[in-house]
Amino acid sequence: MTSQSLLDPNVHVVAVRHHRHVAPLKRPFVTAARRTEAVHYVVAEVELADGTVGQGSSAETVAVTGESAESIAACLAGPLRGALEGARGPLGDLGRRIGEAVPGSTSAKAALDVALHDAAARAARVPLVELLGGTRCGTLTNDMTISLEDPEVMAGHAREAVAAGEQILKIKLGRDIDEDRRRLAAVLEAAPGVSLRLDANQGWEAREAISIINGFERDGLPIELVEQPVPAADLDGLARVRAEVATPVMADEAVWNAQDARRIVEAGAADLLNIKLAKTGGLREALAVADVALEAGIACMVGSMMEPRISITAAAHLAFAHPAIALIDLDPPAWFTSGAPSGGYRQRGAELELIGGPGLGLAMLDPMQDADDAGGGR
């Protein structure tokens, strides 16, 4: 797949808006770094000259991208609106305007980029996946995250997930490896037959990671992959881990764009790349990462932060758009008390599929749905 396979219609943007929301979770989402009970997020809207409106969203992810809901809203209201409102031309050119409008701010850029692409696909009356050069045929197997809790609590959540049809559990690991072993044992006892994806969130040094993962291998644990075991900047360490363990190693925080992907490939540092729109800042840079992976013969996952349904639907369209993308980690909407907006995709058991409709295939989110009293509206 190359950029030539993407559709590139001419569009004319007449308005850029945003509104802020806060959505409670069904239960706290806990990692070694943070505990989240409600997600603060911002929805971007792009209106075209023909009246078509598209939407995108981004969640507060200070620990990863450095962006708060306040900074995302300010970026959308300021430099990003200034770069896009009133602009006209090929979709790819307008996407580049977003990317060049401000340094960093990848979550805010992703929200506006998705809104622009949603609007363009709605105006063209095609699903977003087709605008990106792909097809909505088939399904992808999703996973379910078991957040960091006491072993018996994690076991209960694992049991519930399997009863709901989940086949792959993503396990957040902590700093205490002995306690982590107890957590994994409890999960596997509660949910025999599942596959595990382990997320270390940059928590180990290379030598420690090798020892821990080799131990899991000796124990015969059904581990599908280990995600970002060492700090993002330590590519040499990541390459050492990959060379000395049999379990596939996936880069996450180490890969934000195509340039990062090329460095990882050249270093032989990972078996898999985790693409997240909140890191790439938009759909086309995400596809460029996948292009690097395809050329190198390695697979990608499309992952997510704890993000709302709009963001996850965009990620799902991305996942179906590129042949290098084989895995998804798109469970956050299952954590939200609200399923709004409706449409986009459905999941039966562990299998996720797009359900059609122009653009993202979603209803427009009401600005008053879980409105954040801090404002940031139209």
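For any residue, its number in my numbering is found by taking its place in the sequence shown, counting from 1, and adding 15. C-beta atoms are modelled at their ideal positions from N, C-alpha and C, and glycine is treated no differently.
For residue i, which residues from the same chain have a beta carbon less than 6 angstroms from its beta carbon, with the 5 sequence-adjacent residues on both sides left out?
i: Arg103; result: His27
i: Asn289; result: Met265, Asp267, Met316, Gly318
i: Gly252; result: Ala221, Val245
i: Asp387; result: Arg35, His36, Val37
i: Ser210; result: Ile183, Pro237, Glu239
i: His332; result: Leu143, Val144
i: Arg393; result: Any answer about Arg393 is weak, because its pLDDT of 44 lies below 50 and its placement is not dependable; what the coordinates show is given next. Hits under 6 angstroms: Arg32.
i: Ala365; result: Thr156, Asn157, Gly180, Glu181, Gln182
i: Ala205; result: Ala170, Ala173, Arg174
i: Leu309; result: Ala339
i: Gln384; result: Ala355
i: Glu322; result: Ala74, Pro347
With C-beta atoms as the reference, is residue i less than 8 angstroms away from residue j?
i: Gln243; j: Asn216; result: yes
i: Asp65; j: Ala138; result: yes
i: Val129; j: Leu298; result: yes
i: Leu125; j: Leu377; result: One point to set straight first is that residue 125 is Ala, not Leu, in the sequence displayed. Result no, Cβ atoms of Ala125 and Leu377 do not sit closer than 8 angstroms.
i: Ser127; j: Ala59; result: Looking at the sequence shown, residue 127 is not Ser but Leu. It is a contact, given that the beta carbons lie within the stated cut-off.
i: Ser72; j: Ser353; result: no
i: Pro105; j: Asn25; result: yes
i: Ala84; j: Val57; result: yes
i: Ala98; j: Ile87; result: no
i: Pro348; j: Arg324; result: yes
i: Arg190; j: Gly218; result: yes
i: Val280; j: Val307; result: yes
i: Leu367; j: Ala329; result: no
i: Pro166; j: Arg212; result: no
i: Gly235; j: His132; result: no
i: Trp350; j: Leu40; result: yes
i: His337; j: Gly153; result: no
i: Ala176; j: Met159; result: yes
Which of the three DSSP states is assigned to residue i in this structure?
i: Gly392; result: The predicted position of Gly392 is uncertain, since its pLDDT is 46 and thus under 50; a value taken from the coordinates is nonetheless stated next. Gly392: coil per DSSP, three-state reduction.
i: Cys90; result: helix
i: Gly354; result: coil
i: Ser394; result: In the structure displayed, the chain extends from 16 to 393; residue 394 sits before or after that span and is not available.
i: Asp214; result: strand
i: Gly71; result: strand
i: Ala301; result: helix
i: Glu15; result: Nothing about residue 15 can be reported from this structure: the residues present for the chain run from 16 to 393 only.
i: Ala386; result: strand
i: Val209; result: coil
i: Gly376; result: coil
i: Glu220; result: coil
i: Val79; result: helix
i: Ala248; result: coil
i: Val260; result: coil
i: Ala84; result: helix
i: Ala308; result: helix
i: Ala365; result: coil
List the whole-angstrom C-beta distance separating residue i from residue j, where the pair is believed to meet the contact cut-off of C-beta under 8 angstroms.
i: Ile192; j: Ile161; result: Not a contact, Cβ separation roughly 17 angstroms.
i: Met320; j: Ala74; result: 6 angstroms
i: Ile343; j: Leu155; result: 5 angstroms
i: Ala135; j: Leu146; result: 6 angstroms
i: Thr121; j: Lys294; result: 6 angstroms
i: Ala78; j: Arg49; result: 6 angstroms
i: Ala314; j: Ala341; result: 4 angstroms
Enumerate in chain order the residues of its own chain whose CB-to-CB distance from residue i is below 7 angstroms, with the five nearest sequence positions on each side excluded.
i: Gly372; result: Pro142, Gly358
i: Thr46; result: Ser162, Leu163, Lys187, Asn216
i: Arg151; result: Pro142, Val144, Phe335, Leu369, Gly371
i: Arg278; result: Leu250
i: His227; result: This sequence places Ile at residue 227; His is not what is there. These residues qualify, in order along the chain: Ile192, Trp219.
i: Gly208; result: none
i: Ala285; result: Leu253, Arg257, Val264, Met265, Ala266, Ile279
i: Ala301; result: Ile290, Leu292, Thr295, Leu333
i: Ala123; result: Ser73, Glu82, Ile87, Cys90, Leu91, Leu95
i: Asp195; result: Leu188, Gly189
i: Gly110; result: Asp128, Leu131, Gly297, Arg299
i: Val202; result: Ile161, Met169, Ala170, Ala173, Leu184, Ile186
Near residue i, what residues of its chain come up, given a Cβ to Cβ distance below 8 angstroms and the 5 sequence neighbours on each side ignored?
i: Ala282; result: Leu250, Asp251, Leu253, Ala254
i: Ile225; result: Arg255, Val256, Glu259, Val260
i: Gly107; result: Ser18, Leu21, Asp23, Arg299
i: Ala248; result: Ala269
So that I know if they touch, is there some Cβ in chain B lying closer than 8 angstroms to that of residue i?
i: Val144; result: The chain labelled as chain B is not found in the depicted structure, where only one protein chain is given.
List in chain order: all unbroken beta strand (DSSP E) runs of 3+ residues lying wholly within the segment 17-69. 25-45, 50-63
Quick one: complete alpha helix (DSSP H) runs, 4+ long, within the segment 268-298? 273-282, 292-295
Identify every run of the beta strand (DSSP E) within the segment 161-197, keeping only runs that are complete inside it and at least 3 residues long; order them along the chain. 183-187
Whole alpha helix (DSSP H) elements within the segment 312-350, 4-residue minimum: 324-334
Where are the alpha helix (DSSP H) runs, 4 residues long or more, that stay fully inside the segment 93-166, in chain order? 96-99, 106-115, 121-139, 143-146
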